[in-house]
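Heads up, the sequence shown is in our numbering, so the first residue is -8 and it goes up one at a time.
We put the CB at the ideal spot given by N, CA and C, even for glycine.
Being a predicted model, the structure only gives us computed values, none of them experimental.
Contents: one structure, followed by commentary.
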Amino acid sequence: MTTCPPRPVPAAPGQHFTVVDPATGETFAQAPARRPEEVDALVARAHAAWRGWRADPAARAAALREAADAVEAAGADLAPLLTREQGKPLAESRAEVARTADRIRYFAGLRPEPRPLVDGRPVRSEVRWRSIGPVAAIVPWNFPLQLASAKFAPALAAGNTVVLKPSPFTPLATRLLGSVLAAVLPEDVLTVVTGHEPLGARLASHPGIRHVTFTGAAPTGRAVARGAASSLARVTLELGGNDAAILLEDAAVDRIADRLFWAAFRNCGQVCMAVKRVYAPARLYSDVVEALAQRARTVVVGAGLDPATRLGPVNNAPQLARVEDCTARALAEGARAAAGGHRLDRPGYFHAPTVLADVPPDSPVVTGEQFGPVLPVLPYRKLDEAVEAANGTGFGLGGSVWGTDLDRAEAVADRLECGTAWINHHAELSLAQPFAGAGQSGVGVAGGPWGLHGNLRPFVVHRPEET
Ligand code: NAD
């Protein structure tokens, strides 16, 4: 599996570290730089809080419903802060806050049911469910609140306590979320800790942590798993993706172009399950390239707080450098920029929305994860070749098939080796669905009742029918 060049590590910590507005490239705030040793006391407190939190499922559900309401009520503060540090348009930050509240409410409504075990023997056996202890939640910078809630909501609903570490690129909205939740949850049930590495490594390998739930890049996931192995903590890893969109011969290009464009470019392409490659039949190829390029050339790019903006900056300087590298390499290898192809000459971390045609199939922008506003479009002659290419990168998060004959599209989608496949859209997730990647895209299952069970352990009681 080829990847785009690795990202440099952010600068070393002090007592506080700086937070940069990606729309200007300038520092606008600071966040506490916790030392790795401070994790010991936080985990000890999370452990102490676990006893009370796990005891009463009804009180827990009520507290989580209150937490969801509190997040909604704080939306007017959370959303602009999220936009400021992450870069996304304000409307998308508002949607992220709403989704965060929805997810907390969803998990507040789930309760694991005991289940009788029947195998024909005259024994009354039952599986019940127990919480497991303090959970470490480590998340990246693309959806700081939404991804945090995907971890802490099921963990808390299961009766565990959580220490949550956001990315040092986006610590602020998560800290605010932590204080909003601290006002309604018992003390130390959810703690937010911010700082630079090795803070996350210390948390992931801490002997008091019983489950490490991580979202981020695959190499970091491997390091997290190695760290968690030292204490034999459970590990859930949601890693990168390189989702393909396959257009079929009967795809109506004009009708799907908007949806396809946004499936690739939403959040400036910084979505684990964005469309990261498009495969179009040779007959439609130039129409597809032009439809996407036309949208890339005309979409309004700007600061997320500007109401006209549809596409914000890349979140951080190392990621922008990575996107530039991938793009420059593809162009040097013979690709053609049908739109964009370069960073924008303005302050901040802006890259022109880029559509690449005639890309060599082994270019890193195709085989790796660009995680930015750059989309390669590749032609195919035989559908089998497109399916094989879609399945051929080692990643397996999502995929989509686009066509007019829905049965045919679904038959092709069924051949994708990934966790979620869509027909005629991409990356829309249900709160109730299992979320899991195949191959290098992850380990374990999040989302829905499966996400709750990922934070529980089975406890079985056998008792005879008679004494
Ligand atoms: P990253 O792996 O660099 O960082 C993720 C988190 O891990 C951050 O909080 C970071 O500070 C922390 N971290 C870094 N080194 C660590 C270590 N040694 N031990 C413990 N924690 C450590 O990822 P990123 O650049 O922040 O995010 C982008 C990546 O996340 C992309 O690959 C993207 O596909 C992936 N992602 C996946 C999903 C998913 O659900 N599958 C969702 C969003 C993003």
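| task | Answer with buried or exposed for D12, where buried requires no fewer than 16 other C-beta atoms within 10 angstroms of its C-beta. | result | Classification of D12: buried, given that the 10 Å Cβ count is 16 or more.
| said: Once DSSP output is grouped into helix, strand and coil, what is the label at S196? | reply: coil
| Of the residues S140, L223 and A243, which one's Cα is nearest the Cα of D396? | Of S140, L223 and A243, the residue nearest in Cα terms is A243.
| field | Spatial neighbours of A3 in its chain, beta-carbon cut-off 6 Å, leaving aside the 5 residues before and after | value | Its pLDDT being 47, under 50, A3 is placed unreliably in this model, and the value from its coordinates should be taken loosely. Once the five neighbours on either side are set aside, A3 has no close Cβ partner at all.
| What do you reckon, are the CB atoms on G428 and L388 nearer than 7 Å? | yes
| task | Go ahead and label F74 buried or exposed: buried means 16 or more other beta carbons lie within 10 angstroms of its beta carbon, across all protein chains shown. | result | Position check: residue 74 holds Thr in this sequence, whereas Phe was assumed. Burial call: buried.
| field | Unbroken beta strand (DSSP E) run spanning F19, endpoints | value | E17 to P23
| message | What ranges does the beta strand (DSSP E) occupy inside the segment 127 to 199, keeping only unbroken runs of at least 3 residues that lie completely in it? | response | 153 to 156 and 181 to 183
| Got a sec? Which residues, its chain only, sit under 7 Å from T15 by beta carbon, not counting five neighbours each side? | Once the five neighbours on either side are set aside, the close Cβ partners of T15 are P338 and G339.
| said: Among the candidates E188, R372 and A64, whose CA atom is the shortest distance from the CA of A24? | reply: Per the C-alpha coordinates, the member of E188, R372 and A64 positioned closest to A24 is E188.
| said: Taking the alpha-carbon of D398 as reference, which of T9, G199 and D241 has the nearest alpha-carbon? | reply: D241
| request: Tell me whether F205 sits in a helix, a strand or coil according to DSSP, three-state version. | output: strand
| In its own chain, which residues sit with a C-beta less than 6 Å from the C-beta of A209, not counting the 5 before and 5 after it? | Same-chain partners within the cutoff: L230, G231 and Q431.
| task | Could you check how far apart the C-beta atoms of T300 and A294 are, in whole angstroms? I think they sit under 8 Å. | result | 6 Å
| said: Given this structure, state the Cα-to-Cα distance separating I200 from L194, to the nearest angstrom. | reply: Within the model, the alpha-carbon separation for I200 versus L194 is close to 8 Å.
| query | Roughly how many angstroms lie between the CA atoms of E379 and Y270, to the nearest whole one? | reply | Counting only the Cα atoms, Y270 lies some 11 Å from E379.
| query | On the premise that G303 lies in contact with G78, defined as a C-beta separation below 8 Å, what is that separation, rounded to the nearest angstrom? | reply | 4 Å
| query | Is E464 near ligand 1, with its Cβ less than 6 Å from a heavy atom? | reply | Absent from the structure is residue 464, since the part of the chain shown begins at -8 and ends at 458.
| query | Between A195 and ligand 1, is the CB less than 6 Å from at least one heavy atom? | reply | It does: the Cβ of A195 is within 6 Å (strictly closer) of some heavy atom of ligand 1.
| query | If you follow the alpha helix (DSSP H) that I237 is part of, which residue opens it and which one closes it? | reply | Segment D234 to L238 is the beta strand (DSSP E) holding I237; no alpha helix (DSSP H) there.
| field | Within 7 Å, strictly: CB atoms of R94 and L422 | value | yes
| query | Taking just the CA atoms, how far does A328 sit from R286? | reply | 14 Å
| message | Is it buried or exposed, F19, if we count other Cβ atoms within 10 angstroms and call 16 or more buried? | response | exposed
| query | Whose C-alpha, out of A127, A173, E63 and A70, is nearest the C-alpha of G218? | reply | A127
| query | Taking 6 Å as the cut-off, is the CB of E315 close to at least one heavy atom of ligand 1? | reply | Checking the Cβ of E315 against ligand 1 gives no.
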